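Q: Residue numbers (the UniProt record's numbering), protein chains in the order written: chain A, 1 to 201; chain B, 1 to 201. Take a look at this one; I'll ask things after.
2 protein chains.
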Amino acid sequence: MPKPVRRTQAERIEVTRNKLLESAARGFSTYGYGNVRLDDIARDAGYTRGALYHLFAGKEELALAVIDWVSRTWRAEVGEPAEAIADPAERLVWTAQAHARYCRKDVAAVLMSLRVEFAGRDHAVAHALTELMEPLKATVAKVITRGRRVGSIPPGPPPRALASAYLGALEGVTAAVGGPPHDVALTARAVRGVLGLPNPS
Amino acid sequence: MPKPVRRTQAERIEVTRNKLLESAARGFSTYGYGNVRLDDIARDAGYTRGALYHLFAGKEELALAVIDWVSRTWRAEVGEPAEAIADPAERLVWTAQAHARYCRKDVAAVLMSLRVEFAGRDHAVAHALTELMEPLKATVAKVITRGRRVGSIPPGPPPRALASAYLGALEGVTAAVGGPPHDVALTARAVRGVLGLPNPS
DNA sequence: ACACATACATACATGCCTGTATGTATGATG
DNA sequence: CATCATACATACAGGCATGTATGTATGTGT
Numbered sequence: 001m002p003k004p005v006r007r008t009q010a011e012r013i014e015v016t017r018n019k020l021l022e023s024a025a026r027g028f029s030t031y032g033y034g035n036v037r038l039d040d041i042a043r044d045a046g047y048t049r050g051a052l053y054h055l056f057a058g059k060e061e062l063a064l065a066v067i068d069w070v071s072r073t074w075r076a077e078v079g080e081p082a083e084a085i086a087d088p089a090e091r092l093v094w095t096a097q098a099h100a101r102y103c104r105k106d107v108a109a110v111l112m113s114l115r116v117e118f119a120g121r122d123h124a125v126a127h128a129l130t131e132l133m134e135p136l137k138a139t140v141a142k143v144i145t146r147g148r149r150v151g152s153i154p155p156g157p158p159p160r161a162l163a164s165a166y167l168g169a170l171e172g173v174t175a176a177v178g179g180p181p182h183d184v185a186l187t188a189r190a191v192r193g194v195l196g197l198p199n200p201s
Numbered sequence: 001m002p003k004p005v006r007r008t009q010a011e012r013i014e015v016t017r018n019k020l021l022e023s024a025a026r027g028f029s030t031y032g033y034g035n036v037r038l039d040d041i042a043r044d045a046g047y048t049r050g051a052l053y054h055l056f057a058g059k060e061e062l063a064l065a066v067i068d069w070v071s072r073t074w075r076a077e078v079g080e081p082a083e084a085i086a087d088p089a090e091r092l093v094w095t096a097q098a099h100a101r102y103c104r105k106d107v108a109a110v111l112m113s114l115r116v117e118f119a120g121r122d123h124a125v126a127h128a129l130t131e132l133m134e135p136l137k138a139t140v141a142k143v144i145t146r147g148r149r150v151g152s153i154p155p156g157p158p159p160r161a162l163a164s165a166y167l168g169a170l171e172g173v174t175a176a177v178g179g180p181p182h183d184v185a186l187t188a189r190a191v192r193g194v195l196g197l198p199n200p201s
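Shown next, in the form of structure tokens:
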């Protein structure tokens with residue numbers, strides 16, 4: 001018996017919460033919001049639904065918490081570091097590559113999975129997702145506009161449409177390729193093409 | 001009262017079947033396989049579940065029929081015409097553009113929607129989808145290989161990985177852009193980038 | 001025109017999953 | 001160490017969607 005370590009309540013709850021969030025992310029990502037059973041999520045994390053309902057009000061709140069959790073880590077690992085890059089074109093390409101690396105963690109796919117499932121629906125999860133994507137798209141559009149003013153991104157379709165395509169290419173390619181060793185290079189290729197940048201070769 | 005036209009049984013059943021398939025495609029695409037209710041699908045087509053269960057063994061068979069139905073129209077409108085184009089690079093770019101136009105019909109999104117929902121699961125629908133995508137990916141890989149031999153596609157990542165990225169970019173961009181007037185141009189940009197082709201400018 | 005088959009509607013039964021209420025064990029406080 | 005609070009498990013209840021069985025109307029063969 002591996003010694004019943006005495007943990008403080010705050011520690012216990014944080015450990016449990018994180019385990020549940022991770023299992024939930026995997027569950028939502030693999031089975032979808034509607035198909036996954038809370039029992040599976042809890043059991044996968046090593047608990048029962050009792051723990052889950054103690055920490056989250058229900059399935060919907062759990063999904064919202066997962067979205068918040070994943071988007072936080074995304075910002076930390078992809079969004080924030082990208083802001084250090086001055087040149088707009090470089091920054092967008094770097095972001096794409098960082099996103100591809102980020103998506104190697106299986107939990108990352110949960111955002112795309114949920115977005116597809118809730119696309120065009122009136123649901124709290126759907127609203128959370130659009131409130132997450134909308135500013136991101138706006139930011140990308142702004143970077144594109146700046147890039148064109150500076151001359152590092154060639155002219156073409158309107159920035160907002162281009163931003164949508166950029167994000168779509170990002171997710172589509174990373175999801176389809178599904179990991180190393182070519183995910184980063186191929187994602188970069190795709191977004192370069194979308195932005196109208198020449199391939200570096 | 002609009003005259004009770006006397007239709008033959010074969011006609012009745014075909015009309016009904018098609019209406020149900022179209023509603024099912026919309027339903028699966030909007031709500032997902034697990035979330036949509038067969039009652040909604042039937043009612044949307046102007047029938048009840050009675051008609052649905054008379055024509056299809058159940059939800060699963062309905063989904064399989066929808067997949068078959070959509071893939072047929074895709075082949076007719078995108079796959080087959082593309083084969084007329086000799087040059088490999090041109091053919092792949094044209095296919096992407098034709099796919100973008102094809103996706104303007106709302107029912108087209110059903111394949112991507114189902115693929116995301118069933119990705120990595122052991123389910124009859126999942127198998128049907130992989131059996132549909134696998135040959136397609138193989139074909140694209142072959143065209144890429146030929147294109148490189150001929151010199152119309154530059155060297156780069158292995159053909160299979162490139163084919164995955166090509167299809168991912170295709171779906172990602174069309175789904176994200178979501179229609180005219182820029183869908184075709186942006187999709188072409190993305191796949192050109194993935195394939196390593198120079199942008200025509 | 002009659003009996004039969006089939007397209008489709010309505011009514012019923014079953015199972016599963018969410019949500020809630022209750023119970024138990026472990027950590028906190030005096 | 002005794003009492004309380006909290007993390008988590010187990011037990012119960014309700015709803016909702018699938019699937020099935022039965023009923024009705026429309027087309028078909030003789």
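Note that CB positions come from ideal geometry on N, CA and C, so glycine has one too. In this text the structure is predicted, and so the values were computed from the model without any measurement.
Got a sec? Which residues, its chain only, sit under 6 Å from B:R160 by beta carbon, not counting five neighbours each side?
A: In the second sequence, the residue the question calls residue 160 of chain B occupies position 160. Once the five neighbours on either side are set aside, the close Cβ partners of B:R160 are A141.
Q: With 16 as the cutoff for other CB atoms within 10 Å, does residue 290 of chain B come out buried or exposed?
A: Here chain B covers residues 1 to 201 and nothing more, so residue 290 of chain B does not appear.
Q: Mind listing, in chain order, the continuous alpha helix (DSSP H) runs of no fewer than 4 residues lying wholly within the region 22–55 of chain B?
A: Taking only runs of at least 4 residues, the alpha helix (DSSP H) segments lying wholly in the region 22–55 of chain B are 38–44, 49–55.
Q: Spell out whether any CB of chain A is found under 8 Å from the CB atom of B:P200.
A: Taking the first residue of the second sequence as position 1, residue 200 of chain B is located at position 200. So, not an interface residue.
Q: What are the residues of the region 42–63 of chain A that lie near chain B, defined by any Cβ-Cβ distance shorter than 9 Å?
A: Per Cβ criterion, the list is empty.
Q: Give the residues of chain A in contact with B:V177, contact being defined as C-beta atoms less than 7 Å apart.
A: Looking up residue 177 of chain B in the second sequence gives position 177. Near B:V177 (Cβ distances below 7 Å), the residues of chain A are A161, S164, A165, G168.
Q: Can you pull out the residues from the region 87–111 of chain B whose beta carbon lies closer than 7 Å to at least one beta carbon of chain A?
A: Answer set for the region 87–111 of chain B: empty.
Q: Using the Cβ count rule (16 or more neighbours within 10 Å means buried), how would you classify B:N18?
A: In the second sequence, residue 18 of chain B corresponds to position 18, counting from 1. B:N18 should be labelled exposed.
Q: Is the Cβ-Cβ distance between A:L111 and A:V143 less than 8 Å?
A: For the purposes of this step, residue 111 of chain A is taken as the residue at position 111 of the first sequence. For the purposes of this step, residue 143 of chain A is taken as the residue at position 143 of the first sequence. Taking 8 Å as the Cβ cut-off, A:L111 and A:V143 do not qualify as a contacting pair.
Q: Express the C-alpha separation of A:E77 and A:L83 in angstroms, rounding to a whole number.
A: What you label residue 83 of chain A is simply residue 83 of the first sequence in a count that begins at 1. What you label residue 77 of chain A is simply residue 77 of the first sequence in a count that begins at 1. The amino acid at residue 83 of chain A is misidentified as Leu; the sequence shows Glu. Roughly 11 Å separates the two Cα atoms.
Q: Under the three-state reduction of DSSP, which class applies to B:N199: helix, strand or coil?
A: For the purposes of this step, residue 199 of chain B is taken as the residue at position 199 of the second sequence. It is coil, neither helix nor strand.
Q: Under three-state DSSP, which class holds A:D183?
A: For the purposes of this step, residue 183 of chain A is taken as residue 183 along the first sequence, with counting starting at 1. Here A:D183 sits in helix by DSSP.
Q: Of all Cβ atoms in chain B, is any one closer than 8 Å to the Cβ of A:L186?
A: Translated into positions along the first sequence, residue 186 of chain A becomes position 186. Closer than 8 Å: yes.
Q: For A:R101, which three-state DSSP category applies?
A: The residue labelled residue 101 of chain A in the question sits at position 101 within the first sequence. Correct three-state label for A:R101: helix.
Q: Is there contact between the region 189–200 of chain A and the region 68–75 of chain B, where contact requires at least three CB pairs shorter than 8 Å?
A: Flag = no, the region 189–200 of chain A and the region 68–75 of chain B do not touch.
Q: Go ahead and pull the three-state DSSP assignment for B:E14.
A: Translated into positions along the second sequence, residue 14 of chain B becomes position 14. Of the three classes helix, strand and coil, the one that applies to B:E14 here is helix, per DSSP.
Q: Please look up how many angstroms separate the CB atoms of A:L38 and A:R49, rounded, as I've assumed it's under 8 Å.
A: Start at 1 with the first residue of the first sequence, and residue 38 of chain A comes out as number 38. Start at 1 with the first residue of the first sequence, and residue 49 of chain A comes out as number 49. Rounded, the Cβ-Cβ distance is 5 Å, consistent with contact.
Q: Who are the near neighbours of B:P135 in its chain, counting only those whose CB is closer than 6 Å to its CB and skipping five residues on each side?
A: Position 135 of the second sequence, counting from 1, holds the residue named residue 135 of chain B. Result list for B:P135: empty, nothing under 6 Å.
Q: Does any residue of chain A have a CB that is nearer than 8 Å to the CB of B:T30?
A: Taking the second sequence and counting its residues from 1, one reaches residue 30 of chain B at position 30. Yes, contact with chain A.
Q: Under DSSP, the alpha helix (DSSP H) around A:A109 begins and ends at which residues?
A: Mapped onto the first sequence, residue 109 of chain A falls at position 109. Taken as a continuous stretch (DSSP letters only), A:A109 belongs to no alpha helix (DSSP H), as it is neither H nor E.
Q: Apart from the five residues just before and just after A:A89, which ones in its own chain have a Cβ nearer than 8 Å to its Cβ?
A: Here residue 89 of chain A refers to the residue found at position 89 of the first sequence. Result list for A:A89: G147, S152, I153, L195, L197, in chain order.
Q: Within the same chain, show all residues whose beta-carbon is closer than 7 Å to that of B:T174, passing over the 5 residues directly before and after it, in chain order.
A: Indexing the second sequence from 1 puts residue 174 of chain B at position 174. So the qualifying residues of the chain are H99, A100, C103, D183, T187.
Q: Does A:M1 get closer than 8 Å to chain B when you measure Cβ to Cβ?
A: Counting from one through the first sequence, the residue named residue 1 of chain A turns up at place 1. Low confidence applies here, because A:M1 scores a pLDDT of 31, under 50, leaving its location unreliable; read the following figure in that light. For A:M1, the answer is no, since every Cβ of chain B falls outside 8 Å of its Cβ.
Q: I'd like the span of the alpha helix (DSSP H) that includes B:D68, first residue to last.
A: Residue mapping note: residue 68 of chain B aligns to position 68 of the second sequence, counting from 1. Its alpha helix (DSSP H) spans residues 59–74.
Q: In angstroms, rounded to a whole number, what distance separates the CA positions of B:Y166 and B:A126?
A: What you label residue 166 of chain B is simply residue 166 of the second sequence in a count that begins at 1. What you label residue 126 of chain B is simply residue 126 of the second sequence in a count that begins at 1. Taking the straight line from one Cα to the other gives about 21 Å.
Q: Could you work out which residue in B:R149, B:L170, B:V150, B:T145 is closest to B:P158 when comparing CA atoms only?
A: Along the second sequence, one-based indexing puts residue 158 of chain B at 158. Nearest C-alpha to B:P158: B:T145.
Q: Using the Cα positions of B:P81 and A:A176, report the straight-line distance between them to the nearest angstrom.
A: Here residue 81 of chain B refers to the residue found at position 81 of the second sequence. Here residue 176 of chain A refers to the residue found at position 176 of the first sequence. For B:P81 and A:A176, the distance between alpha carbons rounds to 25 Å.
Q: List in chain order: all unbroken alpha helix (DSSP H) runs of 4+ residues lying wholly within the region 118–199 of chain B.
A: Those alpha helix (DSSP H) runs which fall completely within the region 118–199 of chain B and span 4+ residues are 124–150, 159–177, 183–195.
Q: What's the C-alpha gap between B:R7 and B:T16?
A: The sequence position of residue 7 of chain B within the second sequence is 7, counting from 1. The sequence position of residue 16 of chain B within the second sequence is 16, counting from 1. So the alpha carbons of these two residues sit roughly 12 Å apart.
Q: Could you pull out every residue in the same chain whose Cβ sits closer than 7 Å to the Cβ of A:D87, ignoring the five residues on either side in sequence?
A: Residue mapping note: residue 87 of chain A aligns to position 87 of the first sequence, counting from 1. These residues qualify, in order along the chain: S152.
Q: Do B:G34 and B:E131 have their C-beta atoms within less than 8 Å of each other?
A: In the second sequence, counting from the first residue as 1, residue 34 of chain B sits at position 34. In the second sequence, counting from the first residue as 1, residue 131 of chain B sits at position 131. No, Cβ-Cβ distance for B:G34 and B:E131 is not below 8 Å.
Q: Using a Cβ-Cβ cutoff of less than 7 Å, which residues in the same chain neighbour B:V191 once the five nearest sequence positions on both sides are dropped?
A: For the purposes of this step, residue 191 of chain B is identified with residue 191 of the second sequence, where counting begins at 1. Hits under 7 Å: L92, V93, A96, Y166, A169, L170.
Q: Shorter than 8 Å from the beta carbon of B:Y37 to some beta carbon of chain A?
A: Position 37 of the second sequence, counted from the start, is the residue given in the question as residue 37 of chain B. In the sequence as presented, Tyr is not what sits at residue 37 of chain B; that position holds Arg. No, no contact with chain A.
Q: What does A:V143 touch in chain B if you count any residue whose Cβ is under 7 Å from its own?
A: Reading the first sequence from its first residue, position 143 is the one you call residue 143 of chain A. Going along chain B, no residue has its Cβ under 7 Å from A:V143, so there is no contact; the nearest lies around 17 Å.
Q: Could you work out which residue in B:S164, B:K137, B:L21, B:A185 is closest to B:A45 when comparing CA atoms only?
A: Residue 45 of chain B sits at position 45 when you count from the first residue of the second sequence. It is B:L21 whose Cα lies nearest to the Cα of B:A45.
Q: So with Cβ pairs under 8 Å, would you call B:A190 a contact of chain A?
A: In the second sequence, the residue the question calls residue 190 of chain B occupies position 190. Cβ-Cβ to chain A under 8 Å: yes for B:A190.
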